[in-house]
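Just below is one structure, and these are the notes that go with it.
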Amino acid sequence: METFPTVGAVIVAAGASRRMVGVDKLWATVRGQPLLAHTIAVFARSPHIGVIVLVVAADRLDDACALLAAQSLGKPHVVVVGGARRRDSVLRGLAALPEDCAIALIHDGARPLVTEALILMGLRAVAATGAATAVIPVKDTIKRVDAAGLVVETPDRAALYAVQTPQVFDRVLILAAHHAADPALDAADDALLVESLGHRVRVFTGAYTNIKVTTPDDLAVVEALWPTEA
């Protein structure tokens, strides 16, 4: 088995599910368990993950603690309450990682179809620059549109990639990026904060099945994509 410096996984699950029409996506039942339980289980199984930090909304703290207790993870874990924005939640999760954790892996709790293989790819990729993110090539043509609803530009699709998680970083680097970034910046992902330092981010191939549950329709898609052996 490949070995890596100590890796801590920060699973971000503090979102408000605003586009889920009253359904808390992270706690929606999928295959008999909360969606979030499936995400956590992948990181619990991975032999490369040394510690798990779960970041949740304040009103789900008790539920999250009970969930982790029921799963018997077999590795150190902690639950922390998230902040107002995703960026704030991630920083709280990073702050909860132990000092001996060299690598921080950040993952959306709403991506339950992440795989151990994808985690391993991220850990291999981060060695190059200290920062790596999963991406997939964009399949559709993309149009940039102005406020009036008029097409401004059609970028070359060949150079466009959709960003996923996991995103993997040197722990000291990602903490520095969070602290150095403009506090008003509501970063869409953590790689953006590292980019703002002028640091290069390596990409590795994600998976089209590694979708993020954002709308009610996505729950049906996750069910349809579920591996037959899972």
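The working numbering runs 368 ahead of the 1-based position in the sequence shown. The beta-carbon is built from N, C-alpha and C at its ideal position, and this holds for glycine as well.
Beta-carbon gap between residue i and residue j smaller than 8 Å
{"i": "Met489", "j": "Thr374", "result": "no"}
{"i": "Ile379", "j": "Ile420", "result": "yes"}
{"i": "Arg453", "j": "Asp558", "result": "no"}
{"i": "Leu486", "j": "Ile510", "result": "no"}
{"i": "Leu561", "j": "Gly477", "result": "no"}
{"i": "Phe411", "j": "Leu491", "result": "no"}
{"i": "Val506", "j": "Val513", "result": "no"}
{"i": "Leu543", "j": "Ala396", "result": "no"}
{"i": "Val590", "j": "Pro480", "result": "yes"}
{"i": "Thr582", "j": "Val482", "result": "no"}
{"i": "Val391", "j": "Pro584", "result": "yes"}
Residues bridged to residue i (per DSSP)
{"i": "His475", "result": "Ile379"}
{"i": "Ile504", "result": "Ala530"}
{"i": "Arg570", "result": "Ala500"}
{"i": "Pro402", "result": "Thr397"}
{"i": "Val424", "result": "Ala381, Val449"}
{"i": "Phe537", "result": "Ala472, Ala499"}
{"i": "Arg455", "result": "The partner list for Arg455 (beta bridge, DSSP) is empty, contrary to what the question assumes."}
{"i": "Val419", "result": "Gly376"}
{"i": "Arg512", "result": "Glu521"}
Residue i burial status per 10 Å Cβ neighbour count (16 or more: buried)
{"i": "Arg525", "result": "exposed"}
{"i": "Pro595", "result": "exposed"}
{"i": "Ser636", "result": "Since the first and last residues shown for the chain are 369 and 598, residue 636 lies out of range."}
{"i": "Gly517", "result": "exposed"}
{"i": "Pro551", "result": "exposed"}
{"i": "Arg539", "result": "buried"}
{"i": "Ala405", "result": "buried"}
{"i": "His547", "result": "exposed"}
{"i": "Thr522", "result": "exposed"}
{"i": "Asp508", "result": "exposed"}
{"i": "Ala515", "result": "exposed"}
{"i": "Ala545", "result": "buried"}
{"i": "Ala556", "result": "exposed"}
{"i": "Ala549", "result": "buried"}
{"i": "Val389", "result": "Per-residue confidence for Val389 stands at a pLDDT of 49, beneath the threshold of 50, marking its modelled position as unreliable; the derived number appears in the next sentence. Flag for Val389 reads exposed."}
Sequence-distant residues of the same chain with beta carbon closer than 7 Å to residue i, five excluded per side
{"i": "Ala382", "result": "Val423, Val424, Ala425, Gly450, Ser457"}
{"i": "Tyr576", "result": "Ile504"}
{"i": "His416", "result": "Phe372, Val375, Ile487, Leu488, Leu491"}
{"i": "Gly442", "result": "Ala412"}
Own chain partners of residue i with C-beta closer than 8 Å, once the 5 adjacent residues on each side are dropped
{"i": "Val571", "result": "Ala493, Ala500, Thr501, Ala502, Val503, Tyr529"}
Neighbourhood of residue i by C-beta, 6 Å cutoff - its chain only, sequence neighbours within 5 removed
{"i": "Cys433", "result": "Val447"}
{"i": "Gly376", "result": "Val419, Leu465, Cys469, Ala472"}
{"i": "Leu541", "result": "Gly498"}
{"i": "His475", "result": "Ile379, Thr533, Pro534"}
{"i": "Pro402", "result": "Trp395"}
Residue i Cβ short of 7 Å to the ligand PLP heavy atom set
{"i": "Ser564", "result": "Judged by which ligands are present, the structure shown has none, so any question about the ligand PLP falls away."}
Contact with chain B by residue i, beta-carbon distance below 8 Å
{"i": "Ala426", "result": "Although the question refers to chain B, the structure presented lacks it and comprises just one protein chain."}
Do the segment 517-534 and the segment 449-464 make contact, defined as three or more Cβ pairs closer than 8 Å?
no
Sufficient close CB pairs (3 or more, under 8 Å) joining the segment 495-503 to the segment 560-568:
yes
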